[in-house]
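Chemist:
Number of protein chains: 2
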Amino acid sequence: MNVADIEAAATRLSGVSVRTPLLQNHELDQIAGGKVLIKPECLQVTGSFKIRGAYNRLSQLSADDAARGVVAWSSGNHAQGVAAAGAMLGIETTIVMPEDAPQAKLLNTRRLGGEVISYDRYTGDREAIAREIAVQRGAALVPSYDHEHVIAGQGTVGLELAEDSRYLDLPPDQVLIPCGGGGLSSGSALALKDRLPGVSIYAVEPVAFDDTRRSFRDGERRRIEDSARSICDALQTTMPGELTFPINRDLLNQVLTVSDDEVRAAIRFAFRNLKLVVEPGGAVALAAVLSGKLPTAGRTTAIVVSGGNIDVDLFAAIQTEPN
Amino acid sequence: MNVADIEAAATRLSGVSVRTPLLQNHELDQIAGGKVLIKPECLQVTGSFKIRGAYNRLSQLSADDAARGVVAWSSGNHAQGVAAAGAMLGIETTIVMPEDAPQAKLLNTRRLGGEVISYDRYTGDREAIAREIAVQRGAALVPSYDHEHVIAGQGTVGLELAEDSRYLDLPPDQVLIPCGGGGLSSGSALALKDRLPGVSIYAVEPVAFDDTRRSFRDGERRRIEDSARSICDALQTTMPGELTFPINRDLLNQVLTVSDDEVRAAIRFAFRNLKLVVEPGGAVALAAVLSGKLPTAGRTTAIVVSGGNIDVDLFAAIQTEPN
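The listed protein sequences correspond, in order, to chains A and B. What the first sequence shows, in our numbering, is residues 22 to 344, in sequence order. What the second sequence shows, in our numbering, is residues 22 to 344, in sequence order.
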């Protein structure tokens, strides 16, 4: 697993995923006291970065494997990515999703042709359900983060960020990346450290799902309680990945955490100032900058806004809260 | 007034306005039956394209004129553009705004340092009020569309669109541009016709404010009734500009109109699929494509999304309507 795998993924993804732009915003620069580059993966195909890893995995299946279809589990963004990649490649997709997943994510996964199997997020074991289906059907699994092809695909976010920031003559001093299972942060960190060797990289988690922070602190994988709750439906992972964690441990400078209230404020800021629709899990890196979780004055900071799939009712409720 | 003025404006605006990207979206392509390129000026500084024309005008004032400040009238987006340009250049700005302008636009204009003078949109004469203040103070006027420097600044939208679409190897067959007083469409048309001679250009208006459509049909400027109403607060102009209309008459292929309901549906589509916050006036070109106002199958169509400054309450209300 190295940067050549990410470069190969970028070639596969050419014409499939969007090369999302790097945006800048005066209000955000003023708050940060420095330059902030925004990589808006909410503008990506299916509304999050997940198409990158899913397509990179599905497009490398053997013809035999592809013919038997694939199985995945996901709270929604990976589900849409897998369903979309399957639709593009003519591969049948089955996705195990929590029954309380955002409606927009459930509907879009079905609309893209994915077969959705529901389970209870707090009592069911999605991985066990998915593995059973995979065995029954002889279908390949598409893990949402712990697979080299998935990590390499997500790493194209970091690759684009590094290349485009250099093109703008604004190479970041530090990059903040939302972290659930760690696929996006580990893949992107590999690419960023290759292209911008001196860059500092921070993963950002919801404070209630700080498994990567605890694991990073202890130097080995830690599991948090199943009873944790967060508004960030996309980042509710209880333990870092076997493949993703060693990469994150080696390449991250630190793991930051943000509260649900800080996430809500970031979603409001994105609506009012960035004119972007951002989902809770997609807003954690922005939230970390807005709430001053690390020094930004006089520095160039890049943040990944990883997704925008949020239900209308929640979005409207968040917008009408006092700031 | 020619494309060299627009190229000069682009140079002045370098580092001031954002070079907004060209976005693409699968759902939109599917609905159109062809490729659609989106130029999202909602991501622009102050949330609309208006900073372009305002800065291009203010930055060319003599030192004497700049010292006496400027006066403008605007429903809100030009107001923010003028206030922001004034703040950047150290020029005092006074803006006459309707008292029912969106709260976000009023607040942002003040926050940017603009002095706001309110009037009643349906009984007051904003131009007369602004001209009186300008005479009293010896201040220069910054018209929202009918000035060569303003038209040239807005034309940089078309210039970027032409250049970036060629870079993507997707030169559009047709471009749709929101139209109020006609500054954005006339300036952009000049640049587009220079860079992409065969392109078709359509202005899009709210059906209740179809002054440019009527004028285009008759070959001379027509005024519509003051009693017209539309959700598109940014496009409530009752007569095309003296400078903008001849350019639009010569370069546009047609003027399209959309209803308020079509605009609301476009704002919902932008939230759900594009993950962009779009204001009513900014959504008319998108609305025209979504509601099939012109053939798009098998063609490459570019649309300008001209602004995203919408109040939370209206946005939430539109999102929760049935489609």
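Using N, Cα and C, we set each Cβ at its ideal position, and we do this for glycine too.
So T265(B) packs on D167(B), CB below 8 angstroms; how close in whole Å?
Modeler: Yes, T265(B) and D167(B) are in contact; Cβ-Cβ is about 6 angstroms, under 8 angstroms.
Chemist: Assuming contact is defined by CB atoms lying nearer than 8 angstroms, are L172(B) and G134(B) in contact in what I supplied?
Modeler: Strictly speaking, residue 172(B) in this sequence is Ile, with Leu absent from that position. Not in contact: I172(B) and G134(B) (Cβ atoms no closer than 8 angstroms).
Chemist: With a threshold of 16 other CB atoms inside 10 Å of the CB of Q51(B), please say whether the residue is buried or exposed.
Modeler: Its Cβ having fewer than 16 others within 10 Å, Q51(B) is exposed.
Chemist: Assign D239(A) to one of two classes, buried (16 or more other C-beta atoms within 10 Å of its C-beta) or exposed (fewer than that).
Modeler: Its Cβ having fewer than 16 others within 10 Å, D239(A) is exposed.
Chemist: Checking contacts by CB at 8 angstroms: is P218(A) closer than that to chain C?
Modeler: The chain labelled as chain C is not found among the protein chains of the depicted structure, namely A and B.
Chemist: Apart from the five residues on each side of it in sequence, which residues of its chain come closer than 6 angstroms, Cβ to Cβ, to T67(A)?
Modeler: Only Q101, G102, A105 meet the Cβ criterion.
Chemist: Is L79(A) close to chain B? Criterion is C-beta to C-beta, closer than 8 angstroms.
Modeler: Chain B, which has no Cβ nearer than 8 angstroms to the Cβ of L79(A), makes this no.
Chemist: Taking 7 angstroms as the cut-off, does the CB of D231(A) come closer than this to any heavy atom belonging to the ligand PLP?
Modeler: Ligands displayed in this structure: none; no statement on the ligand PLP is therefore possible.
Chemist: Anything in the region 286-297 of chain A with a Cβ closer than 9 angstroms to a Cβ of chain B? List those residues in chain order, please.
Modeler: Taking 9 angstroms as the Cβ-Cβ cut-off against chain B, the residues of the region 286-297 of chain A that qualify are R289, A291, F292, R293, N294, L295, K296, L297.
Chemist: Decide if P123(B) is buried, meaning its Cβ has at least 16 other Cβ atoms within 10 Å, or exposed.
Modeler: Label assigned to P123(B): buried.
Chemist: Which partner residues of K56(A) appear in the DSSP bridge assignment?
Modeler: DSSP lists T321(A) as partners of K56(A).
Chemist: Please state the DSSP three-state secondary structure of S207(A).
Modeler: DSSP places S207(A) in helix when its eight states are reduced to three.
Chemist: Could you work out which residues of chain A lie near A125(B), taking near to mean beta carbons separated by less than 8 angstroms?
Modeler: Going along chain A in sequence order, the residues near A125(B) (Cβ under 8 angstroms) are R293.
Chemist: Can you give the beta carbon distance from F237(A) to V298(B), rounded, assuming they're within the 8 angstroms contact cut?
Modeler: That pair is no contact at about 35 angstroms.
Chemist: If you reduce the DSSP assignment to three classes, tell me which class Y140(A) lands in.
Modeler: DSSP places Y140(A) in strand when its eight states are reduced to three.
Chemist: Around the Cβ of N98(A), are there at least 16 other Cβ atoms within 10 angstroms (buried) or fewer (exposed)?
Modeler: That one is buried.
Chemist: Sorted by chain position, which residues of the same chain lie with C-beta nearer than 6 angstroms to R147(B)'s C-beta, five sequence neighbours on each side aside?
Modeler: These residues qualify, in order along the chain: W94, V117, Y140.
Chemist: Under 7 angstroms Cβ-Cβ, which residues of chain A neighbour G68(B)?
Modeler: Per Cβ cutoff of 7 angstroms: K296.
Chemist: Can you tell me which residues form a DSSP beta bridge with S69(A)?
Modeler: DSSP, once it has assigned bridges, lists G328(A) as partnering S69(A).
Chemist: For a contact meaning CB atoms closer than 8 angstroms, what does G97(B) contact in chain A?
Modeler: Near G97(B) there are no residues of chain A at all, since even the closest Cβ is about 14 angstroms away, more than 8 angstroms.
Chemist: Taking the alpha-carbon positions, what's the I324(A) to N294(B) distance?
Modeler: Distance between the alpha carbons of I324(A) and N294(B): 22 angstroms.
Chemist: Beta strand (DSSP E) containing S186(A): first to last residue?
Modeler: Counting along the chain, S186(A) falls outside any beta strand (DSSP E), though it belongs to the alpha helix (DSSP H) covering 169-188.
Chemist: Quick one: give me the first and last residue of the alpha helix (DSSP H) that V103(B) is part of.
Modeler: Here the alpha helix (DSSP H) through V103(B) covers 98-110.
Chemist: Should P61(B) be labelled buried (16 or more other beta-carbon atoms within 10 Å of its own) or exposed?
Modeler: By the neighbour-count rule (16 or more Cβ atoms within 10 Å), P61(B) is buried.
Chemist: Residues in its own chain within less than 7 angstroms of P164(B) by CB, not counting five upstream and five downstream?
Modeler: If we look at P164(B) and ignore the five residues flanking it on each side, its Cβ neighbours are V171.
Chemist: Using a Cβ cut-off of 7 angstroms, which residues of the region 52-68 of chain B contact any Cβ in chain A, in chain order?
Modeler: If the cut-off is 7 angstroms between Cβ atoms, the region 52-68 of chain B has C63, L64, V66, G68 near chain A.
Chemist: What would DSSP say about T130(B), mapped onto helix, strand or coil?
Modeler: The answer is helix: DSSP assigns T130(B) an H, G or I state.
Chemist: Would you list the one or two residues that DSSP bridges to V279(A)?
Modeler: In DSSP, V279(A) forms a bridge with P227(A).
Chemist: Is the beta carbon of L197(A) closer than 8 angstroms to that of A309(A)?
Modeler: Closer than 8 angstroms, so yes.
Chemist: Does the distance from the C-beta atom of G54(A) to that of A318(A) stay below 8 angstroms?
Modeler: Yes, these two residues count as a Cβ contact at 8 angstroms.
Chemist: Would you mind telling me which residues of chain B sit closer than 7 angstroms to P42(A), beta carbon to beta carbon, in chain order?
Modeler: Near P42(A) (Cβ distances below 7 angstroms), the residues of chain B are P42.
Chemist: List the whole-angstrom C-beta distance separating V305(B) from C253(B), where the pair is believed to meet the contact cut-off of C-beta under 8 angstroms.
Modeler: 6 angstroms between Cβ atoms; contact.
Chemist: Which residue from N344(A), Q340(A), A337(A), A30(A) puts its Cα closest to that of G179(A)?
Modeler: Measuring from the Cα of G179(A), the nearest candidate turns out to be A30(A).
Chemist: Reducing DSSP to helix, strand and coil, say where P199(B) ends up.
Modeler: Residue state, collapsed to three classes: strand.
Chemist: Three-state secondary structure (DSSP) at I150(A)?
Modeler: I150(A): helix per DSSP, three-state reduction.
Chemist: Roughly how many angstroms separate the alpha carbons of P85(A) and G107(A), rounded to a whole number?
Modeler: Residue identity differs from the one stated: residue 85(A) is Asp in this sequence, not Pro. If I take the Cα positions, the gap works out to 15 angstroms.
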